[in-house]
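To keep things clear, I will list the structure first and then write my remarks on it.
Residue numbers (my numbering): 483 to 679.
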């Protein structure tokens, strides 16, 4: 049985509201787990006992941003020209926030909750649950120097500090963003790793 296909996951199907109440007694050993996704700000890693890993992340900002990031990525990080291009990019994104065809973030607009990713996975099928901010996922999604299994191996052996240290080493080796274009040299990095053994 594969635990790594969350059921009732939406979107991409049709957006549906998140249930307003969670009953922890409805499912044996069910735990509510909430992650604040700020566009592509967080990734949820689910690892099962067979060694499979699934990353759940909202990539709608990535999809929208692809067509807007060219001028930002073409310039060295930290230069005045990069800062100006980054400001224009952010202004363009503001017009696409919490709109159909754009991306959704939690905030004062309660309708954004109707577009949240939500799903269920049987807790007993999981070996670990890990939440990572986008600054901590850079080894995989920005630098392509590791996959999710390797990230979990680092977390199991050296903990969140070890993973963040590796990210900082890579960032430090490319401070101007020439090899890996990005908005800033370092991003905030947060990891919560919960082994369920």
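From the three backbone atoms N, C-alpha and C, an ideal C-beta is built for every residue, glycine too.
What do you reckon, are the CB atoms on residue 642 and residue 668 nearer than 7 Å? no
Taking the continuous alpha helix (DSSP H) assigned at residue 564, which residues delimit it? 562–576
Please classify residue 615: is it buried, with 16 or more other beta-carbons within 10 angstroms of its beta-carbon, or exposed? Counting Cβ neighbours within 10 Å, residue 615 comes out buried, since at least 16 surround it.
Can you give the beta carbon distance from residue 625 to residue 652, rounded, assuming they're within the 8 Å contact cut? Right, the Cβ-Cβ distance comes to about 5 Å (below 8 Å), so this counts as a contact.
Looking only at its own chain, which residues have a Cβ that is under 7 Å from the Cβ of residue 670, when we skip the five neighbours before and after it? The residues are 615, 617.
Buried or exposed, going by whether 16 or more other CB atoms sit within 10 Å of the CB of residue 531? exposed
Cβ shell of residue 592 (< 8 Å), same chain only, five flanking positions each side left out: none
With respect to the beta strand (DSSP E) encompassing residue 677, which residues constitute its N-terminal and C-terminal limits? 673–677
Indicate whether the contact test is met: 3 or more Cβ pairs, each with one atom in the region 531–551 and one in the region 577–591, closer than 8 Å. yes
Could you tell me the alpha carbon to alpha carbon distance between residue 550 and residue 587, rounded to whole angstroms? 19 Å
Since residue 682 sits in a beta bridge, which residues does DSSP pair it with? The first residue shown for the chain is 483 and the last is 679, placing residue 682 beyond what the model contains.
The beta strand (DSSP E) spanning residue 594 covers which residue range? Per DSSP, residue 594 belongs to no beta strand (DSSP E) and is neither H nor E.
Could you round the C-beta distance between residue 599 and residue 538 to whole angstroms and report it? I think they count as a contact, below 8 Å. 6 Å
Three-state secondary structure (DSSP) at residue 627? coil
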